[in-house]
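Peer 1:
Residue numbers (the numbering used here): 261 to 292.
(1) Quick check: what's the CA-CA separation for residue 268 versus residue 292?
(2) Is the distance from the Cβ of residue 281 to the Cβ of residue 265 below 8 Å?
(3) I need the DSSP call for residue 292, collapsed to helix, strand or coil.
(4) Is residue 269 helix, strand or coil by DSSP?
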């Protein structure tokens, strides 16, 4: 899970910290 998450985050490197947190939450919501 975390390896895939890191790969997706690397695609979204331009996002600021807040947007990264929102992206992670959205990603986890889709997984669960």
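Don't be surprised by glycine CBs; every beta carbon is placed ideally from N, CA and C.
Peer 2: This is what the structure holds:
(1) 17 Å
(2) no
(3) coil
(4) Reduced to three states, the DSSP call for residue 269 is helix.
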